[in-house]
Structure formats: C-alpha cells, structure tokens
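Engineer: Encoded as structure tokens, here's the structure I'll be asking about.
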Amino acid sequence: ESLQANHERLLAAGAEQERLIEALLTLARSEQGVTHPEPLNLKLLVRDVLDARSDLAERHGVNVDASLDTAAIVGDRQLVERLVSNLIGNAIVHNEAGGDVEVRTGATIASAVGGPQAVITVVNGGPVVAATEVGRLLEPFERSDETRMSKREGAGVGLSIVRAIAAAHKATLTIVARPDGGLRVDVCFPARVDATDTSKATD
42 ESLQANHERL LAAGAEQERL IEALLTLARS EQGVTHPEPL NLKLLVRDVL DARSDLAERH
102 GVNVDASLDT AAIVGDRQLV ERLVSNLIGN AIVHNEAGGD VEVRTGATIA SAVGGPQAVI
162 TVVNGGPVVA ATEVGRLLEP FERSDETRMS KREGAGVGLS IVRAIAAAHK ATLTIVARPD
222 GGLRVDVCFP ARVDATDTSK ATD
C-alpha cells in the first residue's frame with residue numbers, strides 16, 4: 042500500500058510537471074506573435090470549451106451560464122482556444138462551491154476611438170480579491186493571497202498566458218476585482234469585419 046501511494050504521488054507530480062511545461066511552451070509561443078491566422082468565431086470556440094470543461098464545473102460544484110453571440114475574429118486557433126480555456130478554467134477553479142460563472146461573447150460596433158470589436162467576457166464569484174492584487178495575477182507564478190493559502194489547481198501561469206495571447210492578437214485585456222468576490226475579465230479582439238457569414242467561421 043505504501044509503494045502504491047508513492048507511485049500515485051509520483052504520477053501526480055509528473056502530470057503536474059507536464060502541465061507546467063505545456064503552459065510555459067504556450068506562453069513562449071504566444072509571445073512570438075500570431076503565425077497561423079485564420080477566421081474564427083469566439084462563439085463556437087467558447088461553446089466547445091464549455092463542453093470540455095463541464096466535468097470540471099461539476100467537480101467544483103460551480104454553475105456556468107453562457108450567453109453566446111457571434112464574435113468573428115482572425116487569430117491562431119490553438120492560442121485563442123487556450124486563452125478561452127484558461128479564462129473559463131480559472132473562473133471555475135477559483136470559485137466557491139455553489140458559485141456562478143457567466144460567459145458572454147458578442148460584437149461591438151465601431152466607435153470614435155476604435156473599430157468594431159469581438160468580445161469575450163468571463164465573470165466569476167469566489168473570494169474577494171484586493172484591487173491591488175489584480176496586476177500581480179498577470180505575472181507568471183503569482184497568485185492571490187487566497188489562492189496561496191488553499192490547494193487550488195494550476196501552475197500559476199494561466200492569466201499570464203491569457204495576457205500574452207491577447208497581446209499577440211492586438212486584443213485588450215481588462216481584469217476587474219468584483220466587490221462581492223471574484224473577477225470580471227474582458228478580452229476585446231479586433232473584429233473580423235469582412236465576414237459575410239460569421240456564424241460559419243471556423244470552429
């Protein structure tokens with residue numbers, strides 16, 4: 042029994058190291074910029090990620106509510122999928138049992154200060170995060186005080202990867218600590234304005 046327990050701990054440690062290496066490789070790749078752009082629809086990407094993350098949400102006892110409208114962009118599919126997956130995964134893991142996660146996608150019209158944008162918004166409940174800690178969460182291996190005191194999943198590079206991928210796509214990342222706990226994250230991509238049928242953008 043002792044040998045089996047040691048094997049299980051080694052396997053868990055190895056799996057965690059693999060996840061960390063994969064995350065660091067994604068971070069390095071995203072900082073090189075977009076090398077394989079293609080038409081994408083955030084609505085479809087988010088839908089697929091939510092399906093893949095449903096077990097995680099159930100395991101943590103978190104309710105996920107999605108309101109998905111077409112949001113057409115041009116980007117690297119693997120990188121944007123990772124951005125979406127990290128946002129949703131963080132919102133689920135850094136929450137409380139019975140908590141909520143809201144995910145929205147949509148497009149905005151051009152304004153006097155910029156062109157049209159495709160937006161993904163993820164809002165989660167959970168412990169209160171001090172406004173002074175938000176910037177630190179974007180740095181690799183940095184976590185909030187609450188996260189460091191608990192046994193949360195992840196390697197501490199999720200939001201730094203989100204920031205790098207957003208920058209590679211010339212997207213704007215905004216993170217706001219909610220007064221009642223949790224975060225609101227908005228990522229605004231330049232919209233793909235030449236799409237004739239954005240509902241059929243590559244998923």
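For any residue, its number in the working numbering is found by taking its place in the sequence shown, counting from 1, and adding 41.
Even glycine gets a Cβ: it sits at the ideal position worked out from N, Cα and C.
Small disclaimer: the values here were computed from a predicted structure and weren't measured.
Work out the CA separation of L51 and E42 for me, nearest whole Å.
Structural biologist: Their backbone Cα atoms lie some 14 angstroms apart in a straight line.
Engineer: Return the first residue and the last residue of the beta strand (DSSP E) that R219 is part of.
Structural biologist: R219 -> no beta strand (DSSP E), and no H or E assigned at all.
Engineer: Using 8 angstroms as the threshold, is the segment 115-126 in touch with the segment 164-182, meaning 3 or more CB pairs across them?
Structural biologist: Segments in contact, no.
Engineer: Let me know if N82 comes out buried or exposed under the rule of 16 or more other beta-carbons within 10 Å of its beta-carbon.
Structural biologist: Flag for N82 reads buried.
Engineer: Who are the Cβ neighbours of P220 in its own chain at under 6 angstroms, not counting the five residues just before and after it?
Structural biologist: There are no such residues.
Engineer: Rounded to the nearest angstrom, what separates A98 and G74 at their Cα positions?
Structural biologist: Each residue's alpha carbon lies about 31 angstroms from the other.
Engineer: Is S185 helix, strand or coil when you go by DSSP?
Structural biologist: Legend: pLDDT at S185 = 48, less than 50; position of this residue unreliable, value from coordinates given subsequently. Reduced to three states, the DSSP call for S185 is coil.
Engineer: Just to confirm the assignment, what range does the beta strand (DSSP E) spanning L81 have?
Structural biologist: Run containing L81: 78-82, per the beta strand (DSSP E) assignment.
Engineer: Could you give the first and the last residue of the continuous alpha helix (DSSP H) run that contains V103?
Structural biologist: Premise fails: V103 is in no alpha helix (DSSP H) and is neither H nor E.
Engineer: Across which residues does DSSP place D324 in a beta bridge pair?
Structural biologist: Outside the shown range of the chain, which is 42 to 244, sits residue 324, and nothing can be said about it.
Engineer: For V175, which residues from the same chain have a beta carbon less than 8 angstroms from its beta carbon, with the 5 sequence-adjacent residues on both sides left out?
Structural biologist: Closer than 8 angstroms at Cβ, skipping near neighbours: I216, V217, A218, L224.
Engineer: From G222, R100, G116, G155, pick the residue whose C-alpha is nearest to that of P168; which is it?
Structural biologist: Checked all of G222, R100, G116, G155; the closest Cα to P168 is G222.
Engineer: Give a yes or no on whether the C-beta atoms belonging to P78 and D141 are separated by under 9 angstroms.
Structural biologist: No, these two residues do not count as a Cβ contact at 9 angstroms.
Engineer: I think V164 touches E143, with their Cβ atoms under 8 angstroms apart; what is that distance to the nearest whole Å?
Structural biologist: The pair is a contact, with the Cβ atoms about 4 angstroms apart (cut-off 8 angstroms).
Engineer: Just verifying my parser: in three-state terms, what is the DSSP assignment at E122?
Structural biologist: It is helical.
Engineer: Below 7 angstroms CB to CB, which residues in the same chain sit around K84 once its five sequence neighbours on both sides are set aside?
Structural biologist: The residues are L109, D110, T111, A112, T146.
Engineer: What's the call for R233, buried or exposed, on a 16-neighbour Cβ count within 10 Å?
Structural biologist: By the neighbour-count rule (16 or more Cβ atoms within 10 Å), R233 is buried.
Engineer: N47: buried (16+ other C-beta within 10 angstroms of its C-beta) or exposed?
Structural biologist: Exposed: under 16 other Cβ atoms inside 10 Å.
Engineer: What's the gap between the Cα of D227 and the Cα of E49?
Structural biologist: Each residue's alpha carbon lies about 39 angstroms from the other.
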